[in-house]
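*Asks:* These protein sequences, in sequence, are chains A and B.
Count along the first sequence from 1, then add 32; that gives the number in the numbering used here.
Count along the second sequence from 1, then add 1400; that gives the number in the numbering used here.
What follows is a single structure, and I will ask about it in a moment.
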Amino acid sequence: MLDTPRVITTPEGIDLTLNIAGVVTRARAWAIDALIRIVFYVIMASALAGFGRFGMGFFLVFLFLMEWAYPVLFEIYWHGATPGKRACNLCVLHDDGTPVSWRASVTRNTLRAVDFLPFMYGFGLISCLLNREFKRLGDLAAGTVVVYVESRRTNTVKRVTVKPNGLAMPNMNEPGSSTVAILPAHATFTSANSTLQAPLIDPPPATLTLDEQHAVINYAERRPRWSDARAAELANHASALLAGKRDQDAVARLIHLARKITGQPASQVTSMKKDTR
Amino acid sequence: MQQEQFEARHAQAWAEFDNWLNAQSGGRASADDAGFEASELAPRYRQVARHLALARDRQYGSLLVNRLETLVLAAHQRLYGAGHNQRGGVARFVSHTFPRLVRAHLPSVMVASLCLFGPMVALTIIIQFYPDFVYVLLSPEQLASVQQMYDPANRKLGAGRDAGSDVQMWGMYVWNNVRIGFQCFAGGLFFGVGALFFMIFNGVNIGAISGHLTHLGYIETFWGFVAGHSALELGGIMLCGAAGLQLGYALIAPGRLTRLEALKASTADAVGILYGAATMIFIAAFIEGFWSASRVPPVEVKYAFGILCWVLMLIYFGFVGRVRSPQAFPTNSQPGASVAMTAKPAKSNASLGQRDAS
């Protein structure tokens, strides 16, 4: 199991999961930032070279801003991420999952001076490896974590054009509201988009536990990201569910099962692939 | 309820919520695109949070759960993140917060002053009586270069510079001195030892040089040069060290908190002091670059200016900001932020007020 997610409990009683970024990703983000800085140093140095000592003075001030203000300003005004972090899909948040504040950003970036000791982030690395959330010393003092950004853009509800009446409610008898049980076949209901006739396939050979149902659903949702061979390889592990089917048949059967558990008609399997990307 | 039905039933609410969040973060969408008023945010947010809890409890697919999770997380950040960055603006910081913070942390300020100014004054005096003592502290090469810098034979004070190099030195002071200030602060993380070391090291260094140059009789060049910027520069470095000491003290004596919690709590005020101190050093760099090295004003004017700066600085930290300001909490009209502001007033300001009053 992954042990990097950090769970925060909101006042609404909801557990939110933050995916903590590891040392290697953060080092990569830092390297990209360093590269960007170097490029700008070269540009500024050549631009100011013609101005002699005047140029030298302004270059040093520029150097100062790039070293100390660059990370803070980007973290405050660009959703918690320097360009390097943005490129690696990272951002800085407070421990409680809220966007980073001036205080926290200045703290963690000033204490970089300590993390950098004795050379190339030696203390920072040791600190990262000694706690569960990969915090360097600056993060510990500032109370910040570096997490992966879950982009709402790619993972989100598609923009639905809002009609006055909204979507029609299912006009059926309330289906067993305790929900996770696999519903009796031929549940029928309508929505605004389509009339769902659910001619469900054969029931699985045994009643699935919640975890098993979840695994099957996850399989179907992640199917589009795998090659056919990999999907078949994974499907073959679930031999108890497959009624003797192998390979591509096994894949199809698992996806059918997932359809059934989530209550979607089998005909929508292909569209589900598109949804998940 | 099956997942499909659940999604169909609530898709519109989620889409509206998502649109609202996009309108908030992107800033490109207009208000009517957002779909609902900011005042509706709280009930709608609770609704989506409830949907997430239901979806998890019913073991719906991870795509749906993830989608709801990102929605809730974004709204959580929006709601509870608002108000983090409201300390009342720069003017209020200068007129109230900064001097109050310094007074509130007088012990660390005194310790830092002692470590920086103590060796400085002591060595300046000692070397007048035992001039050779300076060679214990500094190498002959260092002394030679310093001597050359402040030799009265030079046309300009400082590094024997010509007019064009004022800007260069200004850049040098910004780059170098503010960095030293940050180092003094960061060094505090080693249980305060780093901050103490930098204070004493700089105190000894400066004391040895000033003692040596005074003994050589380079009075006008040396003291005339340093007079103007000394108050802001040394004061700034000292306050950076004091802020670092606060971090160290939180680690040594965390009280009833864990060391980590105490450290986090201490940064709130320490960083406030650091803002002010870094700004002082930054301003000092301008004085040092463009005023201190100039030979146009007579040396008496420079002395007077330097003394004036010291007096003003002491008055500032001693007396400014003692009057209680009626505007304790800045009003904020930004939608979304106001919800959080009522729940979470700026903590540091409130506690600060109490401390000053007692």
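Idealized CB from N, CA, C, for every residue including glycine.
Taking His1612 (chain B) as the reference, which of B:Thr1524, B:Leu1421, B:Ala1553 has the closest Cα?
*Replies:* For the residues B:Thr1524, B:Leu1421, B:Ala1553, the minimum Cα distance to His1612 (chain B) belongs to B:Thr1524.
*Asks:* Buried or exposed, going by whether 16 or more other CB atoms sit within 10 Å of the CB of Glu1541 (chain B)?
*Replies:* With fewer than 16 Cβ atoms within 10 Å of its Cβ, Glu1541 (chain B) is classed as exposed.
*Asks:* Report back the beta-carbon spacing between Val1578 (chain B) and Leu92 (chain A) to the nearest angstrom; my notes put them in contact at under 8 Å.
*Replies:* Going by Cβ atoms, the distance from Val1578 (chain B) to Leu92 (chain A) rounds to 11 Å, so no, they are not a contact pair.
*Asks:* May I ask whether a heavy atom of the ligand NAP can be found less than 6 Å away from the beta carbon of Leu1645 (chain B)?
*Replies:* Of ligands this structure carries none, so the ligand NAP is not represented either.
*Asks:* Below 8 Å, how does it come out for the region 1637-1656 of chain B and the region 1460-1477 of chain B: are there three or more Cβ pairs, yes or no?
*Replies:* No, because fewer than three Cβ pairs between the region 1637-1656 of chain B and the region 1460-1477 of chain B fall closer than 8 Å, the two stretches do not touch.
*Asks:* Please work out which residues of its chain come closer than 7 Å, Cβ to Cβ, to Arg257 (chain A), disregarding the five sequence neighbours upstream and downstream, and give them in chain order.
*Replies:* Counting only Cβ-Cβ distances below 7 Å, and skipping sequence neighbours, we find nothing.
*Asks:* Please list, in chain order, the chain A residues whose beta carbon lies closer than 8 Å to that of Gly1636 (chain B).
*Replies:* Chain A residues near Gly1636 (chain B): none, gap ~14 Å exceeds 8 Å.
*Asks:* Please confirm whether Ala1670 (chain B) and Ala1643 (chain B) have their CB atoms less than 7 Å apart.
*Replies:* Contact: yes.
*Asks:* For a test of the three-state rule: what should DSSP assign to Val1509 (chain B), helix, strand or coil?
*Replies:* Correct three-state label for Val1509 (chain B): helix.
*Asks:* Please compile the residues from chain A whose C-beta is within a distance smaller than 7 Å of the C-beta of Glu1469 (chain B).
*Replies:* Those are Leu48, Thr49, listed as they occur along chain A.
*Asks:* Does chain B have any CB closer than 7 Å to the CB of Thr294 (chain A)?
*Replies:* Chain B, which has a Cβ nearer than 7 Å to the Cβ of Thr294 (chain A), makes this yes.
*Asks:* Taking C-beta to C-beta, are Gly1721 (chain B) and Pro1507 (chain B) nearer than 7 Å?
*Replies:* No. Outside cutoff.
*Asks:* How would you write the range of the beta strand (DSSP E) that Thr49 (chain A) sits in, first residue to last?
*Replies:* Element bounds for Thr49 (chain A): 47-51.
*Asks:* Check the Cβ of Ser1565 (chain B) against every Cβ in chain A and list those closer than 7 Å, keeping chain order.
*Replies:* Chain A residues near Ser1565 (chain B): Arg85.
*Asks:* Within a Cβ cutoff of 7 Å, which residues of the same chain sit near Gly1518 (chain B), ignoring the five residues on either side of it in sequence?
*Replies:* Here the set comprises Gly1603.
*Asks:* Residues in the region 244-277 of chain A with C-beta within 7 Å of chain B's C-beta atoms, listed in sequence order?
*Replies:* Those would be Gln245, His246, Ile249, Asn250, Glu253, in chain order.
*Asks:* Are the C-beta atoms of Met1572 (chain B) and some chain A residue less than 7 Å apart?
*Replies:* Output row for Met1572 (chain B): interface = yes.
*Asks:* Can you tell me which of the three DSSP states Pro115 (chain A) falls into?
*Replies:* If DSSP states are grouped into helix, strand and coil, Pro115 (chain A) belongs with the helices.
*Asks:* What three-state label does DSSP hand Val1723 (chain B) in the structure shown?
*Replies:* Residue state, collapsed to three classes: coil.
*Asks:* Does any C-beta atom of chain A lie closer than 7 Å to the C-beta of Phe1585 (chain B)?
*Replies:* Chain A contact via Cβ: present.
*Asks:* If I'm right that Phe1417 (chain B) touches Arg1444 (chain B) with Cβ under 8 Å, what's the distance once you round it to whole angstroms?
*Replies:* Sure, about 6 Å apart at Cβ, within 8 Å.
*Asks:* With 16 as the cutoff for other CB atoms within 10 Å, does Ala1455 (chain B) come out buried or exposed?
*Replies:* Looking at its Cβ environment, which holds 16 or more other Cβ atoms inside 10 Å, Ala1455 (chain B) is buried.
*Asks:* My output table needs one value for Glu126 (chain A): the three-state DSSP class, helix, strand or coil.
*Replies:* According to the sequence displayed, residue 126 (chain A) carries His and not Glu. Note: His126 (chain A) maps to strand in three-state DSSP.
*Asks:* Would you mind working out which of A:Cys123, A:Leu161, A:Phe148 sits nearest Glu99 (chain A), comparing C-alpha positions?
*Replies:* Among A:Cys123, A:Leu161, A:Phe148, the Cα nearest to that of Glu99 (chain A) is on A:Phe148.
*Asks:* For Gly1648 (chain B), count neighbouring Cβ atoms within 10 angstroms of its own Cβ and tell me buried if that reaches 16, exposed if not.
*Replies:* Burial call: buried.
*Asks:* Three-state secondary structure (DSSP) at Val179 (chain A)?
*Replies:* Three-state DSSP puts Val179 (chain A) in a strand.
*Asks:* How big is the Cα-Cα spacing for Lys1664 (chain B) and Ala173 (chain A)?
*Replies:* Cα to Cα, Lys1664 (chain B) sits roughly 5 Å from Ala173 (chain A).
*Asks:* Just the chain A side, please: which residues come within less than 8 Å of Ala1453 (chain B) by C-beta, in chain order?
*Replies:* Near Ala1453 (chain B) (Cβ distances below 8 Å), the residues of chain A are Gly45, Ile46.
*Asks:* Going along chain A, which residues have a C-beta under 7 Å from Val1671 (chain B)?
*Replies:* The answer, in chain order, is Arg135, Val138, Thr139.
*Asks:* Cβ of Arg291 (chain A) less than 7 Å from any chain B Cβ?
*Replies:* Not an interface residue.
*Asks:* Between the region 52-70 of chain A and the region 110-117 of chain A, do at least 3 Cβ pairs fall closer than 8 Å?
*Replies:* Verdict: yes, contact present.
*Asks:* Distance cutoff 7 Å, beta carbons only. Does Thr1667 (chain B) sit that close to anything in chain A?
*Replies:* Yes, contact with chain A.
*Asks:* For Trp1575 (chain B), go through chain A and note every residue whose CB falls closer than 8 Å to its CB, in chain order.
*Replies:* Ordered by position in chain A, the residues that pass the 8 Å Cβ test against Trp1575 (chain B) are Leu92, Val93, Leu95, Phe96.
*Asks:* I want to see whether chain B comes within less than 7 Å of Ala173 (chain A), judged by CB atoms only; does it?
*Replies:* It does; some Cβ of chain B falls within 7 Å.
*Asks:* Looking only at its own chain, which residues have a Cβ that is under 6 Å from the Cβ of Arg168 (chain A), when we skip the five neighbours before and after it?
*Replies:* The answer, listed in chain order, is Asp147, Gly156, Ser159, Cys160.
*Asks:* Consult DSSP for Thr41 (chain A) and reduce its assignment to one of helix, strand or coil.
*Replies:* Three-state result, Thr41 (chain A): strand.
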